[in-house]
Amino acid sequence: MDEILSQIFHIGFFAALIRIATPFILATIGELFAERSGVLNLGIEGIMLFGAMSGFTMAYFSNSLWLGVLAAMLTGMLMAILMGFLTVSLGLSQHVSGIGVTLLSTGFAFFFYRLIFGQPSTPPNIKAFTPVGIPVLMDIPWVGPVLFQQAALTYLALLLVPLSAFLLFQTPWGLNLRTVGENPHAADSAGVNVSAMRYQGLMISGALMGAAGAFLVMVQFNAFTFGVISGRGWVCIALVVFGQWGPWKSAAGALLFALIDALQLRLQASSAINLPYQVFLMMPFVLTIVTMTLVSRNARAPSALLKPFRKEER
Amino acid sequence: MKKEMVHNYFKKYFIRLIKQAGFGALALLVLGIFYQPVQASGLKVAAVFETPIEEPWVNQIHVALLQAKKEMGIEYTWSESVKSADFARVMREYAENGYKLITGDSFGAERIARRVARDYPDVSFVFGSGIGPAEPNFGVFDNWIHEPAYLSGMIAGKMTKSNVLGVVAAMPIPEVNRLSNAFCNGAKEVNNKVRCKFSFIGSFFDPPKAKEAALAQIEAGADVLYAERFGVIEACAEKGALAISNMSDQASLGPNTVITGPVWDMWPTIKHVVTLVKAGVPTAQDFGGFSFMGKGGSYLAPYHKWENKLPADVKSMVEKRKQEILDGTHRVDVDESTPHSD
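Residue numbers (numbering that gives the first Met the number 0), protein chains in the order written: chain S, 0 to 313; chain L, 0 to 341.
Below you can see the structure in the form of structure tokens.
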């Protein structure tokens, strides 16, 4: 038991927690913007993979990690625009379109990877982002190594939370976006371009999903493999509900999920608790669901979520 | 009046179009009768893989088949990332297009693969599988590389300073368990103070997760890790721990980190199977033995940079045990029970 306690109070545990949480925070906030505008972006899983792939490719050939991140975000945006065309312009079912976009993006990632890299025996790799210490702050005992010795993308993800809260709740643009998600007809009467707002929400979501994918292949690992997303996108969909469509709570959900994931990895490696390994792997999902049922029971989705907007239709 | 003209024009146009199409079809038909596809002399071999070709398990089969293409003159095609839902269709397409040997991995589609095989008694099916062969034409093989895994464990047991070893593996299935157990048993044979830690990541191809699991083990004191999955070597390189690779020679991923590791060589299996099929011998048997060290189906990866860094007594100890395995005087126990961290 001592072994576990010493590990949990190990700085590495908290650093791992923040690292594991980063892609979840990025993609969850992304999904949040789309859903707040009234579009459930189920393309998330595929967009993350395609973003990871194109980001990695760009970083591999340009030797610039930041160009890679940019490419990942642009790819995400592109696929999000396609999602917008299907669900906003054509008004098709958001579920079906989302799954379609996921399948298409996954196929694209596979196809272009094969086209560019062929069939390598070992995946080609890049020099990944290394943690950047923030001067002064990184020397604070305990907090410093956990919070201020992370990769640059992690800081951006953490800053994104207050930024998106500000954007959504303090700016006229955020009000428009939320209104479009709650009552598009009222927004339309008030002169807001519903389609444009939804496209914008989707594009932000795509960019952040792409960045999340880039984080997985350029920070947490240094190569692209096809299993790199492994359902993380779907988790983000749940985290938005968990967070009751608010950035702070969603980020807290991502941190909780990462906390339990980091914890189960350490429990598996210790001999104190001898349970079937499936129980450990299940822990983050089960505990997130349990907390969600307790905390988010009164969560209310944006009223116009899943509903296409047609101007003349009531 | 004008409308009628337009109508007539289209009518004429269509009739012409249909005539032309008819001639075209006829021409194609004639061509088809006289055209005979160039018959290749080689045996047609196809592989159906469930995962992308980079997955180390699948890659070893692929590499051996490419060698067979070069050295035995077979014709070789493959399909990768074939999910269970598509597995039967892809197998049937190959079986119906003159492929006489169909191979691949069937772990996710064991029943499907066996059912399809029954419908094509003239075709040999030889798949990587966790269970047994089936008459009349379904043979199996598997990565029986527990022997070099045991040898790697002996090295790890000697090289560890903290006496804590780590194993990061996919999931506790027999193929993975017997390697993990052999590794740990090898270490315990040479160092009775060794404790082994086991982590499973629950998927086959999620390197970020494997890396996090490895980092957690290193924090818990492990200093030599068995990288059953991709992602572990990177964690070791980052934290200055040592690594044992798996499945293929992965020293290039961390020349100063990777000491050695078990390598699976599918060439003896493929060579034997292709020879049998060419001779018309039925292949509904277990080819697992062809992956043992004695047959050359597995071996310990070259030491590369560690050639000079590894202590001489460790090297000679491994060499001695290796010879005993090759001579058949030492048998490495097959333990497929799910391992738990000590």
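A virtual CB, placed ideally from N, CA and C, is assigned to each residue, including glycine. Treat the numbers as computed from the prediction; the structure is a model and nothing was measured.
Query: Which chain S residues are close to Asn58(L), counting only those with a beta carbon under 8 Å from its beta carbon?; Result: Ser120
Query: Short of 8 Å Cβ to Cβ, which residues in the stretch 217–250 of chain S face chain L?; Result: Gln219, Phe220, Asn221, Ala222, Thr224, Phe225, Gly226, Val227, Ser229
Query: Tell me the DSSP secondary structure of Tyr302(L) in three-state form.; Result: coil
Query: Taking buried to mean at least 16 other C-beta atoms within 10 Å of its own C-beta, is Ala15(S) buried or exposed?; Result: buried
Query: Under a three-way DSSP split, which group does Asn297(S) fall into?; Result: coil
Query: Within the 8 Å Cβ cut-off, does Lys208(L) reach chain S?; Result: yes
Query: Taking its Cβ as the centre, do 16 or more other Cβ atoms sit within 10 Å of Leu215(S), making it buried, or is it exposed?; Result: buried
Query: Chain S partners of Ala219(L), CB-CB under 8 Å?; Result: Glu2, Gln6, Arg265, Ala268, Ser269
Query: Mind checking if Pro261(L) is an interface residue toward chain S, Cβ cutoff 8 Å exclusive?; Result: no
Query: Going by DSSP, name the residue or residues bridged to Gln149(S).; Result: Val131(S)
Query: For Leu347(S), count the other beta carbons within 10 Å of its own beta carbon; 16 or more makes it buried, fewer makes it exposed. Which is it?; Result: Because chain S here runs from 0 to 313, residue 347(S) falls outside it and cannot be looked at.
Query: Three or more C-beta pairs closer than 8 Å, one from the stretch 49–69 of chain S and one from the stretch 238–257 of chain S: is that the case here?; Result: no
Query: Check distances from the C-beta atoms of the stretch 296–317 of chain L to those of chain S and list, in chain order, the residues that come in under 8 Å.; Result: none
Query: Output needed for Ala215(L): all residues of its chain with C-beta closer than 8 Å, excluding positions within five of it in sequence on either side, in chain order.; Result: Ser198
Query: Where His94(S) and Trp143(L) are concerned, what is the direct C-alpha to C-alpha distance, given to the nearest angstrom?; Result: 44 Å
Query: Which residues of chain S have a Cβ atom closer than 9 Å to the Cβ of Gln322(L), listed in chain order?; Result: None at all; the shortest Cβ gap to chain S is about 29 Å.
Query: Rounded to the nearest angstrom, what separates Thr268(L) and Glu53(L) at their Cα positions?; Result: 20 Å
Query: How long is the line joining the alpha carbons of Gly127(L) and Phe286(L), rounded to whole angstroms?; Result: 9 Å
Query: Taking any Cβ of chain L, which residues in the stretch 25–55 of chain S have a Cβ under 7 Å from it, in chain order?; Result: none
Query: Give a yes or no on whether the minimum CB-CB distance between Ala15(S) and chain L is below 8 Å.; Result: yes
Query: For the putative contact between Phe229(L) and Pro206(L), defined by C-beta atoms under 8 Å, what is the C-beta separation to the nearest angstrom?; Result: 5 Å
Query: From the DSSP output, in three-state form, read off Phe84(S) for me.; Result: helix
Query: Just list the beta strand (DSSP E) runs in the stretch 114–172 of chain L, keeping only unbroken ones of 3 residues or longer that don't cross its boundaries, in chain order.; Result: 123–127, 137–140, 163–168
Query: Just to check my reading of the structure: Gln249(L) and Thr121(S) have Cβ atoms closer than 8 Å, yes? What is that Cβ distance to the nearest angstrom?; Result: 6 Å
Query: Quick one: grab the DSSP three-state call for Gln38(L).; Result: Here the model assigns Gln38(L) a pLDDT of 47, short of 50, so the residue's position is not dependable, and the following value carries that caveat. Looking at Gln38(L) - three-state DSSP - the assignment turns out to be coil, as it is neither helix nor strand.
Query: So Gly180(S) packs on Leu305(S), CB below 8 Å; how close in whole Å?; Result: Wrong, their Cβ atoms sit about 10 Å apart, outside the cutoff.
Query: Tell me the rounded alpha-carbon separation between Gln277(S) and Gly201(L).; Result: 8 Å
Query: Looking at the structure shown, is Gly288(L) part of a helix, part of a strand, or coil, going by DSSP?; Result: helix
Query: Find out if the Cβ-Cβ distance for the pair Leu64(L), Lys277(L) is shorter than 8 Å.; Result: no
Query: Between Phe165(S) and chain L, is the shortest Cβ-Cβ distance under 8 Å, so that the two count as touching?; Result: no
Query: Could you check whether Gly45(S) and Ser92(S) sit closer than 8 Å to each other, using their CB atoms as the reference points?; Result: no
Query: Using a cut-off of 9 Å between C-beta atoms, extract the partners of His341(L) located in chain S.; Result: In the sequence under discussion, the amino acid at residue 341(L) is Asp, which differs from the His named in the question. Those within 9 Å of Asp341(L) in chain S are Ser270.
Query: How would you write the range of the beta strand (DSSP E) that Lys99(L) sits in, first residue to last?; Result: Where Lys99(L) is concerned, there is no enclosing beta strand (DSSP E), given that its DSSP letter is neither H nor E.
Query: In chain order, what residues of the stretch 226–239 of chain L put their CB closer than 7 Å to some CB of chain S?; Result: Phe229, Gly230, Glu233
Query: So, Met153(L) versus Met316(L), is the Cβ gap smaller than 8 Å?; Result: yes
Query: Can you tell me which of the three DSSP states Asp104(L) falls into?; Result: strand
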